[in-house]
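Residues 2 to 811 in this note's numbering are what the sequence shown spells out, letter by letter. Let me begin by presenting the structure, written as structure tokens, before commenting on it.
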Amino acid sequence: MPYTLFNETYYLAYNPDVAAAISQGDGLTAEQHFNLYGSAEGRAPGPLFDPEYYLAANPDVQAAVQAGLTTAYDHFLLYGAQENRSPLIIFDPEYYLALNPDVAVAVGGGMNAVQHFLQYGSGEVRALSPFIDLAAYLGANPDVAAAVDAGQTTALQHLMSYGVLEGRDLGNGIDLSIFQNDPAFADALSAGNHDLALARMYAVAPFLPGFRPPEGWVPAADTPIPVDFVPPEGIKLAVPPGVHVPPALLPLPDTFEQDRPDDDPGGGGGGPAFTVSDDGHGHYTLGSLHGDVTVTLEHGAYVFTPARGVAVSVPQADVASLIVNDITLSGLGPVISGMQIAGTGGVVVQQLQDQKSGSSMNADLSGLTTVRVDAYYDVADGSTISPDAKLGTASVWIESSKGDGSLSAGRPNTEIDLGTATLNLADGVTLTATMAQLGNAHVQGLGKVNVNRFLADSDLSRLADSLTVTVIVSSGMQDATDNPTLAVVDLFTVNSAMALTLTADQADGRPIEGKGVVTILGSEGDQVLTVSTTGIGAPPGTNFNFIAGGLGADRITLGEGEDVLIVDGPKPAAAQETTLTFSTLSSDYGAGAQLSVTIDGVVITAGVVASDVAGSLGALASAINASLGDSGGLNGVLQTLDAGSVDAGKGEVTLVASTPGWAGAFTVDAGAAGVATRCPEDAQPVSDSPAIDAGWDVVTGFTAGQDHILLSEDSVVQEDGSISIDSQVYTISNGRVLSVGTVSLDAILQALGAQMTVARAAVAFEHGGHTYVFQSDGAAGLAMSDTLIQLSGVTGLSNLCDILVSLGVP
2 MPYTLFNETY YLAYNPDVAA AISQGDGLTA EQHFNLYGSA EGRAPGPLFD PEYYLAANPD
62 VQAAVQAGLT TAYDHFLLYG AQENRSPLII FDPEYYLALN PDVAVAVGGG MNAVQHFLQY
122 GSGEVRALSP FIDLAAYLGA NPDVAAAVDA GQTTALQHLM SYGVLEGRDL GNGIDLSIFQ
182 NDPAFADALS AGNHDLALAR MYAVAPFLPG FRPPEGWVPA ADTPIPVDFV PPEGIKLAVP
242 PGVHVPPALL PLPDTFEQDR PDDDPGGGGG GPAFTVSDDG HGHYTLGSLH GDVTVTLEHG
302 AYVFTPARGV AVSVPQADVA SLIVNDITLS GLGPVISGMQ IAGTGGVVVQ QLQDQKSGSS
362 MNADLSGLTT VRVDAYYDVA DGSTISPDAK LGTASVWIES SKGDGSLSAG RPNTEIDLGT
422 ATLNLADGVT LTATMAQLGN AHVQGLGKVN VNRFLADSDL SRLADSLTVT VIVSSGMQDA
482 TDNPTLAVVD LFTVNSAMAL TLTADQADGR PIEGKGVVTI LGSEGDQVLT VSTTGIGAPP
542 GTNFNFIAGG LGADRITLGE GEDVLIVDGP KPAAAQETTL TFSTLSSDYG AGAQLSVTID
602 GVVITAGVVA SDVAGSLGAL ASAINASLGD SGGLNGVLQT LDAGSVDAGK GEVTLVASTP
662 GWAGAFTVDA GAAGVATRCP EDAQPVSDSP AIDAGWDVVT GFTAGQDHIL LSEDSVVQED
722 GSISIDSQVY TISNGRVLSV GTVSLDAILQ ALGAQMTVAR AAVAFEHGGH TYVFQSDGAA
782 GLAMSDTLIQ LSGVTGLSNL CDILVSLGVP
């Protein structure tokens with residue numbers, strides 16, 4: 002059998018006696034208990050089979066069970082499924098085939114509707130019966146839709162396990178919360194039989210005033226009247242047209258509308274006629290005893306047609322407002338648009354399309370203040386929301402009968418008034434609007450939303466997680482790092498000459514594309530960052546992206562354009578002050594004196610003074626500059642270097658960086674000991690053991706010569722020399738370990754961790770078709786403070802500094 006009906010979690014949850022026995026160690030598993038005892042005791046194995054319903058719907062099986070010939074479960078497995086007998090009240094095999102034509106095509110060759118439902122349909126979003134459409138359920142419950150999209154549950158599983166208990170909206174005018182006072186419904190929940198609770202809903206649903214039956218479906222004439230149902234205060238049941246009320250039930254209890262004479266369209270048989278009464282000032286009240294009412298506009302008059310009874314006509318000019326209590330008034334958008342309607346009932350507005358174009362949502366619903374206002378719009382591709390549209394508090398259901406459809410709020414500077422409406426986008430519908438145009442409206446459903454003119458503080462909290470949301474930066478430079486509402490975004494687009502700043506956590510799993518500039522500031526944790534913006538149109542010197550993953554193992558994918566990768570790097574900021582200390586082991590700065598260079602207490606390099614220097618730190622600095630052939634300050638970076646006289650052997654000076662952000666970046670030539678080059682960088686920790694671990698950043702799409710890495714401020718490039726790996730000596734040149742491609746990655750990392758003893762020294766090597774950049778913490782052995790980054794697919798690097806960036810400028 003390709004499907005299973007037993008669900009251990011369900012079985013133990015709804016059979017606490019079994020759970021208690023198993024917990025005490027009776028030697029049986031839950032499934033063994035069901036097979037040995039539960040099936041014969043009439044217990045449900047899981048949410049997809051209800052033995053009580055199965056026996057009630059199949060008297061022949063019930064007789065066989067009572068005779069001890071079988072059990073409900075065994076009969077269903079052996080015969081019922083093959084005979085297309087439904088396992089649940091919520092599943093109607095004939096309806097399932099009628100509403101799911103793909104299933105009707107697939108059914109055959111030994112598979113029927115029930116078997117398809119158990120094997121496939123129960124995990125899919127399908128219509129199961131006139132009262133359960135799982136697509137409508139997800140549309141009305143965006144949090145459930147998000148959980149289904151994330152693979153955490155299925156729509157049916159959520160409905161059966163949680164939705165019934167939580168009193169969820171089914172999305173078709175049936176809200177399970179209205180059953181809270183019904184004893185039959187409550188008793189079923191108390192017994193843990195959610196299918197029985199839904200069976201109660203099935204019995205009542207056709208009589209609910211707000212129920213929207215599927216097109217073409219009508220209840221049977223002999224549908225039982227639920228005279229024992231207890232609805233919430235303010236809601237009365239209505240007998241649908243065509244349903245026969247047995248004389249023995251008349252008069253119906255006061256939970257029903259009272260004037261329905263059976264099958265008397267004229268309101269005869271002693272019942273009052275349908276009325277539309279005027280208070281003398283143009284305020285008309287619709288009668289509520291004849292069911293829901295449809296309004297049309299004919300020859301300058303409103304025509305109100307009740308579900309039962311004779312229509313009433315009122316001149317349009319005489320109507321100032323309507324009062325609708327307990328019932329639902331429905332009509333086309335052009336008819337209801339602009340009306341003033343209040344009361345405890347509801348209004349359904351069909352076809353919000355503009356009468357002339359048919360492709361514009363154009364209706365004024367701001368005057369509708371009834372308890373419920375539902376409106377419907379069928380999107381044609383390229384549709385717009387008219388500037389004249391005023392949606393008030395309506396729930397607007399936007400669908401596309403022709404497949405995918407796009408709906409635009411018009412030009413970005415177009416003023417529209419969506420009020421506090423709730424827009425429900427069906428799957429395949431795309432809405433494009435600015436945040437200003439959306440205003441205080443809520444958007445939910447399974448469609449797509451394109452948010453134009455995004456600003457740093459734009460509030461996206463009114464967009465549901467179930468939507469696919471694209472944010473478009475088309476105005477200025479937006480620093481959104483303090484915006485807490487970006488979790489709903491699926492894609493960022495940054496237009497040419499625009500800029501967007503996010504944290505890595507905000508950008509995690511959300512691709513960023515376009516022609517603008519992006520800055521991503523590091524966040525702790527493992528993130529997936531995808532950036533393909535190109536920087537087109539940005540001023541020279543600013544047309545590159547700053548991307549920092551932060552602590553954690555990040556996956557970074559780059560696109561066209563220049564990118565600067567910052568691993569644990571700070572955000573570019575205003576000029577900073579840094580204390581630089583020169584120390585020697587002799588009383589003079591003479592040739593051959595041992596020299597160390599320290600920034601804020603961290604030793605950067607050591608060597609010997611290249612020429613005799615005496616008297617002051619300033620003179621020493623000048624000598625260093627002179628040896629570099631650069632008289633403009635240390636590596637041309639520093640604005641000031643003024644220390645005056647210092648004690649022989651030691652000195653400190655405060656340096657101010659001329660370029661914002663990376664104070665103190667420089668190159669020092671200390672003489673015979675070699676060159677130590679300070680190139681800012683960023684990378685991620687390698688785990689303590691083993692050395693090969695997923696705990697490093699992986700960068701895809703990196704282009705040497707175009708993209709760069711910004712290391713932490715105190716980093717240096719490992720000086721030329723050699724390193725021993727597995728008893729073999731390998732050359733280090735220009736910050737690269739040469740010819741290690743045949744050595745295991747583990748051995749390389751172990752050797753680097755053990756032999757690189759200068760804190761924050763960096764080196765690169767090629768392995769397996771990738772380039773790795775390793776940075777040591779200066780202590781022997783690998784540790785979380787060592788760092789590693791993989792440049793996926795990058796080969797042929799000749800000098801580490803070719804891919805490093807100085808002062809945040811490539």
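Don't be surprised by glycine CBs; every beta carbon is placed ideally from N, CA and C. This one's a predicted model, so the numbers in the text were calculated from it and none came from an experiment.
Buried or exposed (CB count within 10 angstroms, at least 16 for buried), Arg309: Around the beta-carbon of Arg309, 16 or more other beta-carbon atoms lie within 10 Å, marking it buried.
Three-state secondary structure (DSSP) of Ala21: If DSSP states are grouped into helix, strand and coil, Ala21 belongs with the helices.
Proximity below 8 Å, CB of Lys403 to CB of Asp365: Cβ atoms of Lys403 and Asp365: not closer than 8 Å.
Residues of its chain near Ser409, where Cβ-Cβ distance is below 6 Å and the 5 sequence neighbours each way are ignored: Only Thr385 and Thr433 meet the Cβ criterion.
Buried or exposed (CB count within 10 angstroms, at least 16 for buried), Ala82: Answer is buried; the Cβ neighbour count reaches 16.
The region 177-195 / the region 150-157 touching (three or more Cβ pairs under 8 Å): No, the region 177-195 does not touch the region 150-157.
Simplified DSSP assignment, three categories, for Ile328: Shown here, Ile328 sits in coil according to DSSP, grouped into three states, outside any helix or strand.
One or two residues paired with Arg373 in a DSSP bridge: Gly347.
Rounded C-alpha distance that separates Tyr80 from Ala200: Each residue's CA atom was taken as its position, placing Tyr80 and Ala200 some 24 Å apart.
Opening and closing residue of the beta strand (DSSP E) in which Ser728 lies: Membership of Ser728 in any beta strand (DSSP E) is not indicated, and neither H nor E is assigned to it by DSSP.
Bounding residues of the beta strand (DSSP E) (the contiguous stretch that carries Leu492): Counting along the chain, Leu492 sits inside the beta strand (DSSP E) bounded by residues Val490 to Val495.
Helix, strand or coil at Asp196 according to DSSP, with G and I counted as helix: Asp196: helix per DSSP, three-state reduction.
Per-residue burial, Trp398 [other beta carbons within 10 Å of its own, 16 or more giving buried]: It counts as buried.
Given Ala780 as reference, the closest of Glu400, Ala762 and Thr758 once Cα atoms are compared: Here the closest residue by C-alpha is Thr758.
Whole-Å CB distance - His731 paired with Ser745, under 8 Å assumed: The sequence given here places Tyr at residue 731; His does not occur at that position. Taking C-beta atoms under 8 Å as the contact rule, Tyr731 and Ser745 fail to qualify, at a distance of about 13 Å.
Pick from Gly193, Asp721, Ile726 and Gln729 that is closest to Asn735, judged by C-alpha positions: Checking every option, the nearest Cα to that of Asn735 belongs to Asp721.
Rounded straight-line distance, which links the Cα of Ser289 to that of Ala395: If you draw a straight line from the Cα of Ala395 to the Cα of Ser289, it is about 22 Å long.
Supposed close pair Asn173, Phe212 - CB separation, criterion 8 Å: Confirmed, Cβ separation roughly 7 Å.
Between the CA atoms of Gly283 and Thr469 - distance to the nearest angstrom: Spanning the two alpha carbons is a distance of roughly 46 Å.
Stretch-stretch touch, CB-based, cutoff 8 Å, three pairs: the region 48-58 with the region 19-29: They do not touch, by the three-pair rule.
CB of Thr482 within 8 Å of CB of Leu503, strictly: Their beta carbons are under 8 Å apart, which means Thr482 touches Leu503 by this criterion.
Assigned secondary structure, Gln67 (DSSP; H/G/I helix, E/B strand, else coil): Correct three-state label for Gln67: helix.
According to DSSP, residues forming a beta bridge with Thr306: Within the DSSP secondary-structure output, Thr306 pairs in a beta bridge with Thr295.
Reduced DSSP category for Ser459 - H, G, I as helix; E, B as strand; rest coil: If DSSP states are grouped into helix, strand and coil, Ser459 belongs with coil.
C-alpha gap between Ser278 and Val231, whole angstroms: Their Cα atoms are separated by approximately 30 Å.
Complete runs of the alpha helix (DSSP H) confined to the region 110-147 [at least 4 residues]: Fully enclosed alpha helix (DSSP H) runs of 4 or longer: 114-120 and 135-141.
Residues near Val490 in its chain [Cβ-Cβ closer than 6 Å; skip 5 each side]: Here the set comprises Val470, Val472 and Arg511.
Gly420 vs Gly448 beta-carbon contact at 8 Å: Contact flag unset, no.
From Leu369, Glu400 and Val372, residue whose alpha carbon lies closest to that of Asp382: Residue nearest to Asp382 within the set Leu369, Glu400 and Val372 is Glu400 (criterion: CA-CA distance).
Three-state secondary structure assigned by DSSP to Pro106: Checking the sequence, you will find Val at residue 106 rather than Pro. Three-state DSSP puts Val106 in a helix.
Nearest candidate by alpha-carbon position, reference Gln729, set Val718, Thr743, Arg737 and Val717: Checked all of Val718, Thr743, Arg737 and Val717; the closest Cα to Gln729 is Thr743.
Backbone CA spacing between Thr371 and Gln317 [nearest angstrom]: Going from the Cα of Thr371 to the Cα of Gln317 covers about 20 Å.
Opposing strand residues paired with Trp398 [DSSP bridges]: Tyr377 and Asn425.
Chain-order list of residues whose beta-carbon lies under 8 Å from that of Ala65 (same chain, five-residue window excluded): Cβ within range, chain order: Thr71 and His76.
Presumed contact (8 Å Cβ cut-off) between Ile726 and Ala752, rounded CB distance: Contact between Ile726 and Ala752 holds: CB atoms are separated by about 4 Å, below the 8 Å threshold.
Delimiting residues of the alpha helix (DSSP H) encompassing Ser510: First, the residue type needs correcting, since residue 510 is Gly and not Ser in the sequence shown. No alpha helix (DSSP H) holds Gly510; DSSP gives it neither H nor E.
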